[in-house]
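First up is the structure itself, then whatever we jot down about it.
2 protein chains.
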Amino acid sequence: MTEQLLKDRDIEFLLYEFLDTEALLQRPRYSEHSREVFNATLATARTIADKYFADHYTKGDANEPSFDGEKVTLIEETQAAWHAFAEAGFLAAPYDFDEGGLQLPEVILRCAMAYINAANVGSAAYPFLTLGAANLVRSFASETLRETYLPPMMDGRYAGTMALTEPDQGSALADIRTTATPAADGSYRLRGQKMFISGGDQSITENIVHMVLARIKDAPPGVKGISLFLVPKFLPARDGQPATRNDVKLAGLLHKMGYRNTTSTVLNFGEDGGEDGGAIGYLVGEPHQGLFYMFQMMNEARIGVGSGAAVLGYRGYQHALQYAKERPQGRLPSNRDPHSKQLPIIQHADVRRMLLMQKSYVEGGLALCLYASSLVEDAHSGNSELERQNASELLDLLTPVVKSWPSKYCLKANDLAIQVLGGSGYIREYPLEQLYRDNRLNPIHEGTEGIQAMDLLGRKVPAKGMAGYQILAKEIHKTLSACTGNDTLQPLVEGLRDALNQLNGVSENLLLQMSADADRGLANASLYLDVFGRVVVSWIWLRQAAIAQEKLTGDANLPREDMDFYRGKLQAARFYIEWELPEITPQIALLESGNSVTFDMQGDWF
Amino acid sequence: MTEQLLKDRDIEFLLYEFLDTEALLQRPRYSEHSREVFNATLATARTIADKYFADHYTKGDANEPSFDGEKVTLIEETQAAWHAFAEAGFLAAPYDFDEGGLQLPEVILRCAMAYINAANVGSAAYPFLTLGAANLVRSFASETLRETYLPPMMDGRYAGTMALTEPDQGSALADIRTTATPAADGSYRLRGQKMFISGGDQSITENIVHMVLARIKDAPPGVKGISLFLVPKFLPARDGQPATRNDVKLAGLLHKMGYRNTTSTVLNFGEDGGEDGGAIGYLVGEPHQGLFYMFQMMNEARIGVGSGAAVLGYRGYQHALQYAKERPQGRLPSNRDPHSKQLPIIQHADVRRMLLMQKSYVEGGLALCLYASSLVEDAHSGNSELERQNASELLDLLTPVVKSWPSKYCLKANDLAIQVLGGSGYIREYPLEQLYRDNRLNPIHEGTEGIQAMDLLGRKVPAKGMAGYQILAKEIHKTLSACTGNDTLQPLVEGLRDALNQLNGVSENLLLQMSADADRGLANASLYLDVFGRVVVSWIWLRQAAIAQEKLTGDANLPREDMDFYRGKLQAARFYIEWELPEITPQIALLESGNSVTFDMQGDWF
C-alpha cells in the first residue's frame, strides 16, 4: 500500500480556494513570488518529507534516543533529515531576502511544515523548535546576539529549544525558580533545573541555543519577574565555531509513549559551579519581560501543535481510507446470501461514518490551522493598519482553539482510524497505532486543554471589551449572509446561525458569572472551549461547503474528479454541522445554568 | 506512591450494597459458603494480583514475547503468575465441589478477576481465556474429551484459547475457510490459518487447547456450516502427559501497541501434511453448531472485556486521584498573590472535572459489569424458571452494552488520567500511558464497537418481541418508582425518566426504519448503542445514588469516611445524569430523523 501523507488536491483547495493565498502576491513583500514559486516550495517540502522524514518514522519510534551518561545518540537518519530541511533553506524561510531568507509567506511555510510533520513528527520537532527560537532571537535579542546566533540557526549548524517548565511548577510559569545572577561582563549565570525540554540535547547539530526563562535576583514575584535568556550549549569562539562547553548538562532523558525520536530532557543549569558558578546566559530584551517575549514563541508553537495534530490525524485518515477501499469483509445487513462476495468494508455504513467523521476532523483541523497561519501573515503584512490589527486580535482569540481543537479531535481521528482497521490498527505492523501514540502528546504540550480553556474564557474572550470576539462574530455573519438563500446550504446556515446565537448568549452570561465569582465562573471553561471550537469549525466547514457548492453549480464541465472532491466537501460540512454541532445544546445548558457539580465536588468524596 | 489497584470500599459497596450478593447464600448451590468465604477469596485474589501480577506489569510491556522461529519466550514472571492463580484454585473456581471446583458464584469469580486484570491485563489473559475454553469443553464436549482435557485445564497444566479469526475474514465469521476433514478414527484433520489468536503459543504451560471454528467438507455455507473443534498443541498419551506434537504451528507473533505480555499469534493448522495431513482435532458437540457453542465463550469473553476495560480505567483513575492530591501547582483564578503557596492540583475545578468524569466512568463501568455477572449467575442458579429466564434475556440484551460501554468510556478515563498528570502522564516513568495503550484493545477484540452496535439494534432489541428490552424498561421503572419523592434524587429521577421515554420512542422508530430498509435502518446503529449505554449507565448510577442517599439520611452516626464515600457516589451520579446523559437528545434527533449523511456518503467523495 503506497501512502499519500496529505491529499494534494485538498492542499491546493485550502491554499487557493478556501484561502486566497494568491492575493499575497499583491503585497510588496511577496511581489517577487508567484503561485509557481509557492508550489515549487511545497513540492520540495513534500519530497523532503517523503525521502528524508517518512523513511525513518517507524525506526525512530522503535529505536528511541538513548543517553549513556555522556552523550545522547539518535538514529542517524534524524541528522540527514535535519540537513535536508536546512539545505532547502526552510530554516531561513520566513526571513527577508536581504537577511538571507526565502521571504516566504507564513501560510506556505506552515503548509510545508505540514508535510514534514505528517511524515515524521518526531524528527520534525527539531527544525520546528529551531524556527521558533530563531524568530525569538531575531525579534528581541541584541544586535550582538543576533549576529552571533542567527546565522548558524538559519543554516542548520545550531538548533534551538524553549526551556520553560521546571519539575516543581509544571504549567505554572509564575513559580519558575531558575535564577540568573548578573556577572561583571554583562552576561548572567543561570542555575536551576528544567524538565520536559524537547530537543534539549541531541546528536544532530554542533550547538544548541536554549531560550530559557529565569528569574533575576530580586525580581518581582510571579510572572512579572521572569526574564528571557539565551543559553548556548557551547560558547562560540570568535570564528563562530563552538568552543567552550557551557554548564548546561543533560540530567536524563524522559521516555515518552510516542513522539519518541524527539528527545525529552531534564537539563541542569549550573550544576558544576559553586557560589559563583552557573551556565553563562545572555539577557534577551529587557529584564522581567521574558514571558511577554516567550509568548511570541509559544503562540507560534501553539498553532504548530494544532497543525501537527491535524496532520497526524490526516495521515491516519488517508491510511484508513485506502484500507477501507481495499479490504473485503462481510456483507450488507440486507444480504442473506452467504455465497455472495464479501464487500470492501467502505460499503459498511458504520465504516463510512468513521471515515466521514475523520474527514470532518482532519480537513476541518488543517483548514483551521492554515487559516490561523494566514492571520499570522495578515497581522504582519496586511494591507492596512486596521487589517493587521484585526488579524492580530482575531488570532489572539483563536489561538487556544487552534491549539486544542485539532489536538482533541484529530487524536480522535487516529482513534477512529485504528477502529476502521480493527486488530490491524492495533499492531505495529501498521502505522496507525504510532500515529495515535504520537498525537496523544498534543493535548498536553504547549499548554494543556485546561490551560487553553482558561486562556480562552478568562483572557481572550473578555480582552479589550470582547474586541476579538466581535471580529469573529462579524466574520461568521459575513459567511452566513453570503450563503443565505442557497437551498443546498440553507440548513447549514441555519444550524450555524443558531449556534452562534447560543454562543453569544452563553459568552455574555459567563462573563457575568466570572465577574461575580472568578473561580466558579471559570470552573466549566473546558466545556466552553469545546462549544467554541465546534462553532468555529462549523464556520470553517460552511466556508468550504460554500466554495464547493459554487464550483458544483457554476461549471457544467467540471471533471468527474473535481465533482467528487467538492461533493465530499459538502458532505463533510453536512456531517459536521448536523452531527457534531448540535452537541453544543446540552453543553450550553450546563454553562448557562452555571452547573456546579464538578466545582462542588470535594477531594475527600472521591 | 503506593498504589491501590481498586478501591476496596467500593468493591464492598458493589457486592453487598449495590448487588445483594449475600442473598446467594440462600441458594442451595451456595449454602456452604458465607460472606467470609467470599471475602477471603477476594483477599486471596488481591494478594495474588499484587504479588504475582502487578510485579511485572511494566516489565512485560518493555520485554514483550519473542519468537525465534522455534519457540516463544515470555518473561518468566508470567509463568509464576499463572501458577499462583492456578494453585489458588481459580481455574476451577466456577465448577462444583464434586467436580473438584470451588463452586464459586460468578460475581465473586469476576470480582477476583477484576483485581487480576487491574494488576496486569497482559498476564491475566492466559487464565481468562483458559477459564472460557474449559467452560466450553465442560458444556459441550463428549465425556472422553472432558475427561482428557478438563482436569489439566482446571489445575493449570493446560491453557486454552479461542481460535475464530482468519486473515481473510476478520469479524465476518460466515466466511471462515479453515477446513475439517473426517478421519477414519472419528477425529478430524484441520487445515487453515488463524490470526490474532491470543495465547496461541506461549512458554507457560505444557500444553495448549485450541477451541477452533472450522468448516466440515460439504457443510452448508455461512454461519450454519461452522463446527467447533478441540485441537491440542500436543496429543496427550494415555497417562495424560503431552506426547505427540500436533500439526499446529506458530507462523508468527503480532506486535501490539499494548497488552503486550499476551502473545497475539498467527497459527497454521496442518501446514506439514500433504493431501491427508492436517492438525488432529476433535468435534465438540454436533456438526454445524459451532457458532452457537462458541457464543457461550464469546458472551463470557465480552463481559470479561468490558470488565477488563473498566478496571484498567479504574486503576488509572486511582493513580490520577492520588497524584492530584499530592502534586502542588498553581493557584485559583481569584488569587492574584504570587507569594501564596501553590495548591494541590485537585483544587483546580478542571482537574476535579476530569477526576469526577473518570469516577463516573470507571465506577459506573465496574458496577455495570458486576451486575452483568450477577445476571449470568441468576440465569444459572436463579430461584425460579422465570427468574432464570428473565436474567438470561436481560443479559442477552445488555451484553453488547457491557462489552462496549466500558471499552469506550474507561479508555476515555485513561485518557483523562493522562491529562491530569500532564507531561508525566505521557511518559513511561508513570503507569498511565501503558494503561491507555492496553485499554485501546478493548473496543476492538471480541467484536468491535460497530459489531456490538449491529448486535444490539439488529438482534438483541427486536429479539422475541422486544422481550429483553421490556424487562430492562421494567427494571428501570422499578428504580424510578423507588426513588420518586426523594428531594435529593428527584432531579436524577426526572432526567432518567425522560431519557427512558426518549429511548423507548426511538427504539420503536428504528425498528420501523429497519423493517422498511435494513441497511438504512441499521446505518446509525453505533449512535443508538451510545444512547442505550448512557441510559443504562444512568440507571446504574441512580441505583448507586439511591443507596447512598438512604445511608446518608438513615444513619445519624455514620462514620466520616462512609459519609464521604456516599457523598462521592451521589455526586458522581449527579455528574453522570446531568452532564453525560443529556447528550442523548441531539443523538436521538439524528436517529429519529433517520439522518443519512453517513449512509449517503460515497467512496469516491472521500
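Going down the list, the sequences are from chains A and B.
Counting in my numbering, the first sequence runs from 1 upward without gaps.
Counting in my numbering, the second sequence runs from 607 upward without gaps.
Even glycine gets a Cβ: it sits at the ideal position worked out from N, Cα and C.
Here the structure is a predicted model, which means the values were calculated and not measured.
Can you find a CB in chain A that lies within less than 9 Å of the CB of residue i?
{"i": "B/Lys1066", "result": "no"}
{"i": "B/Leu597", "result": "Outside the modelled stretch of chain B, which goes from 607 to 1212, sits residue 597 of chain B, for which no answer is possible."}
{"i": "B/Gly1209", "result": "yes"}
{"i": "B/Val957", "result": "yes"}
{"i": "B/Gln610", "result": "no"}
{"i": "B/Val1147", "result": "The identity of residue 1147 of chain B in the sequence shown is Trp, whereas the question assumes Val. For B/Trp1147, the answer is no, since every Cβ of chain A falls outside 9 Å of its Cβ."}
{"i": "B/Glu572", "result": "Not covered by the structure: residue 572 of chain B. The range shown for chain B is 607 to 1212."}
{"i": "B/Met1232", "result": "Residue 1232 of chain B falls outside the range modelled here, since chain B spans only 607 to 1212, and no answer is possible."}
{"i": "B/Val968", "result": "no"}
{"i": "B/Thr1204", "result": "yes"}
{"i": "B/Val829", "result": "yes"}
{"i": "B/His1051", "result": "yes"}
Considering only DSSP beta bridges, list what residue i is partnered with.
{"i": "B/Tyr1060", "result": "Contrary to the premise, residue 1060 of chain B reads as Met rather than Tyr in this sequence. Beta-bridge pairing links B/Met1060 to no other residue."}
{"i": "A/Gly281", "result": "A/Tyr188"}
{"i": "B/Thr785", "result": "B/Arg797 and B/Arg821"}
{"i": "A/Thr244", "result": "A/Leu235"}
{"i": "A/Ser264", "result": "A/Ser198 and A/Leu254"}
{"i": "A/Lys569", "result": "Beta-bridge pairing links A/Lys569 to no other residue."}
{"i": "A/Asn135", "result": "Paired residue(s): none; A/Asn135 is not in a bridge."}
{"i": "A/Ser227", "result": "A/Ala214"}
{"i": "A/Ile208", "result": "A/Ala159"}
{"i": "A/Lys269", "result": "First, the residue type needs correcting, since residue 269 of chain A is Phe and not Lys in the sequence shown. Paired residue(s): A/Gly192 and A/Val248."}
Answer yes or no: does any C-beta atom of chain B fall closer than 9 Å to that of residue i?
{"i": "A/Ser334", "result": "yes"}
{"i": "A/Leu626", "result": "No statement about residue 626 of chain A is possible, as the shown extent of chain A runs from 1 to 606 and does not include it."}
{"i": "A/Gly495", "result": "no"}
{"i": "A/Arg437", "result": "yes"}
{"i": "A/Ala589", "result": "yes"}
{"i": "A/Glu578", "result": "yes"}
{"i": "A/Arg9", "result": "no"}
{"i": "A/His348", "result": "yes"}
{"i": "A/Ser66", "result": "no"}
{"i": "A/His339", "result": "yes"}
{"i": "A/Glu99", "result": "no"}
Just checking residue i against the ligand PLP - is the residue's beta carbon closer than 8 Å to any of the ligand's heavy atoms?
{"i": "B/Arg933", "result": "Absence of the ligand PLP is noted for the structure shown, with no ligands found whatsoever."}
Give a yes or no on whether the minimum CB-CB distance between residue i and chain E is below 9 Å.
{"i": "A/Asn63", "result": "Checking the listed chains, one finds no chain E in this structure; the protein chains it contains are A and B."}
#### Entry: alpha helix (DSSP H) runs wholly inside the region 495-555 of chain A, at least 4 long, in chain order
518-521 and 525-554
### Task
Residues of the region 846-871 of chain B with a CB closer than 9 Å to any CB of chain A: list them in chain order, please.
Leu860, His861, Lys862, Met863, Gly864, Tyr865 and Ser870
### Query
Along the chain, which unbroken stretches of the beta strand (DSSP E) at least 3 residues long are found entirely within the region 886-954 of chain B?
none
### Query
Taking one C-beta from the region 726-743 of chain B and one from the region 683-693 of chain B each time, how about it: are there three or more such pairs within less than 8 Å?
yes
### Message
Output needed in chain order: residues of the region 1119-1130 of chain B with a Cβ under 7 Å from some Cβ in chain A.
### Response
The region 1119-1130 of chain B vs chain A, Cβ under 7 Å: Ala1124, Asp1125, Leu1128 and Ala1129.
### Message
Quick check: the region 1002-1012 of chain B against the region 628-636 of chain B, are at least 3 beta-carbon pairs closer than 8 Å?
### Response
no
### Query
With contact counted as at least three CB pairs below 8 Å, one residue from each stretch, are the region 646-653 of chain B and the region 764-780 of chain B in contact?
no
#### Entry: chain B contacts made by the region 166-188 of chain A, where a contact means CB separation under 9 Å
Contact residues of the region 166-188 of chain A toward chain B are Asp168, Gln169, Gly170, Ser171, Ala172, Ala174 and Asp175 (C-beta to C-beta distance below 9 Å).
### Query
Using 8 Å as the Cβ pair cut-off and three pairs as the minimum, do the region 902-918 of chain B and the region 1038-1058 of chain B touch?
yes
### Interface positions of the region 1155-1180 of chain B facing chain A (Cβ-Cβ less than 7 Å), listed along the chain
Those residues of the region 1155-1180 of chain B that come within reach of chain A (Cβ to Cβ, closer than 7 Å) are Asp1170, Arg1173, Gly1174, Gln1177 and Arg1180.
### Query
Using Cβ-Cβ distances below 8 Å, what residues of the region 459-482 of chain A are close to chain B?
none
### Message
Whether or not the region 47-55 of chain A and the region 111-122 of chain A are in contact is what I'm after, with contact meaning three or more pairs of Cβ atoms, one per stretch, closer than 8 Å; do they touch?
### Response
Verdict: yes, contact present.
### Query
What are the uninterrupted segments assigned as alpha helix (DSSP H) that are 4 or more residues long and contained completely in the region 1019-1077 of chain B, given in chain order?
1038-1045 and 1055-1060
### Message
For a minimum of 4 consecutive residues, which ranges assigned as the alpha helix (DSSP H) are wholly contained in the region 62-130 of chain A?
### Response
77-87 and 106-119
### Query
Does the region 546-564 of chain A touch the region 338-352 of chain A, meaning 3 or more C-beta pairs lie closer than 8 Å?
no
### Under 7 Å (Cβ pairs) to chain A, residues found in the region 911-942 of chain B
Leu927, Lys931, Gln935, Gly936, Leu938, Pro939 and Ser940
### Task
Report yes or no: do three or more beta-carbon pairs, one from the region 894-914 of chain B and one from the region 978-989 of chain B, lie closer than 8 Å?
yes
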